[in-house]
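Protein chains in written order, with my numbering: chain A, 56 to 255; chain B, 294 to 570. Every residue, glycine too, gets a C-beta built ideally from N, C-alpha and C. Remember, predicted model here, so these are calculated numbers, not experimental data.
And the structure:
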């Protein structure tokens, strides 16, 4: 059941299209890279694909059906800023278990220490928070994950570690991944296919 | 890390302060029930300054001011608490509805808020109090129906601010219901504003209760309510009976301050930025 975006178009101000006529398709287990210049609509496109906003044109389907509004969405989005994606008033264990209860294996894969679970988001760094966000998105029911500039704030070594763990789990569960980034080296390294958003 | 958690820390100080404020309020409540009504009978011991027998003195009818003050505080606080709780509940419901249920609901609720604010406060309260037939019932109804508006506006704008936060969108994408999001994400975010609004409403409510009573729509004059005591005492202060106004007024300030202190400590303990100090 592939994730397909047909004929997608979106604008914020009437008739000033950010992008138009975008056709995308990701198969389970595939890693697709989205690249493009800043402000070309990569984030908007990923929000549409994840069902956060409705496209002005076209539609998004997973295995033929459209995304339902009030159920768990099989397409999960990981945001660029983990500080904003975590409720500052919750302890980290609540943040994790909001989606599901992750197994110890996954926590170990992302080197999340037990003592972090009792802390407030304020007391962890951006990189640590982002690992929680990744684990939270890896819900057993997730079929596709969109990583929107997921590791931009990390140093190269941590980036490599996280991508390794993340892609290993996605591969083992046959999860399709969309990687949004403007780092060509990263995209070339991990993606099966590339898609360029926006005109050159 | 561990050494901070063990031993004496700010957290424990906060708990102790909140507990002592709460204990003080409970003591007042207990005293209010324990002191006998006999002290409120008229007697020959008129206009006595404070002494060991009458810590707050006696008034021009020979009633013990300490008993009157404590009993008055008990009544005023229960009226204040009841009216404030009702106002806060109305404010939360109205504010959340305005922010969550789209533009039409927002317009209707904002219009109702404007309507309530536009009416002169006291006139509106007198009207409601009069319709409800006066007494404690009328006061609580009159005050709680007129005091929710300002807080509802604050709640509305706060909810509007947090409801599009990324973590709430993520929660929605996990298939969480609107009720879950309101309960776990939105209300904790607006809790400090609600708590402060609730505590600030207290003195307001007590003063309005006094005003209504003064105008003859509220409690009967022999009921010991702090508002009545203060308004009666005002006419005697020029004759040098300072104890009639100083002690009840002081105690009222201390009680309000204790509520404020409890609220402030709870906020500090719940706020992530300060909870581990």
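Residue i classed as buried or exposed, judged by whether at least 16 other C-beta atoms fall within 10 angstroms
{"i": "residue 251/A", "result": "exposed"}
{"i": "residue 462/B", "result": "buried"}
{"i": "residue 532/B", "result": "exposed"}
{"i": "residue 469/B", "result": "buried"}
{"i": "residue 108/A", "result": "exposed"}
{"i": "residue 546/B", "result": "exposed"}
{"i": "residue 121/A", "result": "exposed"}
{"i": "residue 387/B", "result": "buried"}
{"i": "residue 194/A", "result": "buried"}
{"i": "residue 297/B", "result": "Residue confidence for residue 297/B is low, a pLDDT of 48 falling below 50, so the modelled location carries little weight and cannot support an answer."}
{"i": "residue 306/B", "result": "exposed"}
{"i": "residue 119/A", "result": "exposed"}
{"i": "residue 156/A", "result": "exposed"}
{"i": "residue 400/B", "result": "exposed"}
{"i": "residue 101/A", "result": "buried"}
{"i": "residue 510/B", "result": "buried"}
{"i": "residue 314/B", "result": "buried"}
{"i": "residue 423/B", "result": "exposed"}
{"i": "residue 308/B", "result": "exposed"}
Contacting residues, own chain, Cβ-Cβ under 7 Å from residue i (five flanking each side not counted)
{"i": "residue 182/A", "result": "208, 209, 213"}
{"i": "residue 398/B", "result": "390, 391"}
{"i": "residue 492/B", "result": "552, 553, 556"}
{"i": "residue 540/B", "result": "349, 358, 362"}
{"i": "residue 534/B", "result": "340"}
{"i": "residue 76/A", "result": "62, 64"}
Backbone secondary structure at residue i - three-state DSSP
{"i": "residue 200/A", "result": "strand"}
{"i": "residue 328/B", "result": "coil"}
{"i": "residue 334/B", "result": "coil"}
{"i": "residue 233/A", "result": "strand"}
{"i": "residue 136/A", "result": "coil"}
{"i": "residue 167/A", "result": "coil"}
{"i": "residue 76/A", "result": "strand"}
{"i": "residue 380/B", "result": "helix"}
{"i": "residue 294/B", "result": "Only weak support exists for where residue 294/B lies, its pLDDT of 42 falling under 50; the value from the coordinates is given anyway. Residue state, collapsed to three classes: coil."}
{"i": "residue 557/B", "result": "helix"}
{"i": "residue 59/A", "result": "strand"}
{"i": "residue 249/A", "result": "strand"}
{"i": "residue 340/B", "result": "coil"}
{"i": "residue 462/B", "result": "helix"}
{"i": "residue 159/A", "result": "helix"}
{"i": "residue 112/A", "result": "strand"}
{"i": "residue 101/A", "result": "helix"}
{"i": "residue 64/A", "result": "strand"}
{"i": "residue 181/A", "result": "helix"}
{"i": "residue 513/B", "result": "coil"}
{"i": "residue 207/A", "result": "coil"}
Cross-chain neighbours of residue i in chain B, by beta carbon under 7 Å
{"i": "residue 153/A", "result": "464, 467"}
{"i": "residue 131/A", "result": "466"}
Other residues of its chain near residue i: CB distance less than 6 Å, five sequence neighbours each side excluded
{"i": "residue 188/A", "result": "133, 137, 140"}
{"i": "residue 105/A", "result": "130, 132, 201"}
{"i": "residue 441/B", "result": "380, 383, 384"}
{"i": "residue 437/B", "result": "376, 379, 380"}
{"i": "residue 482/B", "result": "455"}
{"i": "residue 335/B", "result": "354, 355"}
{"i": "residue 196/A", "result": "127"}
{"i": "residue 225/A", "result": "232"}
Neighbourhood of residue i by C-beta distance below 8 Å, restricted to the same chain and skipping five residues each side
{"i": "residue 559/B", "result": "311, 488"}
{"i": "residue 143/A", "result": "175, 176, 177"}
{"i": "residue 405/B", "result": "387"}
Chain-ordered chain A contacts of residue i [CB-CB under 8 Å]
{"i": "residue 578/B", "result": "Coverage of chain B is limited to positions 294 through 570, which leaves residue 578/B absent and any answer about it impossible."}
Proximal chain A residues relative to residue i, where beta-carbon distance stays under 9 Å
{"i": "residue 481/B", "result": "142, 144, 145"}
Chain E within 8 Å of residue i, Cβ atoms only
{"i": "residue 106/A", "result": "In the structure shown, chain E does not exist; the protein chains are A and B."}
Proximal residues of chain A, C-beta to C-beta of residue i below 7 Å
{"i": "residue 459/B", "result": "134, 139, 140"}
Within chain B, the residues that residue i reaches when beta carbons sit closer than 9 Å
{"i": "residue 128/A", "result": "465, 466, 467, 468"}
Closer than 8 Å at the beta carbon, the chain B residues around residue i
{"i": "residue 214/A", "result": "Going along chain B, no residue has its Cβ under 8 Å from residue 214/A, so there is no contact; the nearest lies around 22 Å."}
{"i": "residue 125/A", "result": "468, 470"}
Contact the segment 197-208 of chain A vs the segment 225-236 of chain A: 3+ CB pairs below 8 Å: yes
Cβ contact check for the segment 502-521 of chain B and the segment 411-424 of chain B: 3 or more pairs under 8 Å: yes
The segment 332-347 of chain B in contact with the segment 449-457 of chain B per 3-pair CB rule at 8 Å: no
Validate contact between the segment 519-535 of chain B and the segment 355-370 of chain B using beta carbons, cut 8 Å, 3 pairs: yes
At least three beta-carbon pairs within less than 8 Å, the segment 117-126 of chain A to the segment 316-333 of chain B: no
Any 3 or more C-beta pairs closer than 8 Å across the segment 167-180 of chain A and the segment 444-452 of chain B: no
Three CB pairs or more closer than 8 Å across the segment 424-432 of chain B and the segment 86-100 of chain A: no
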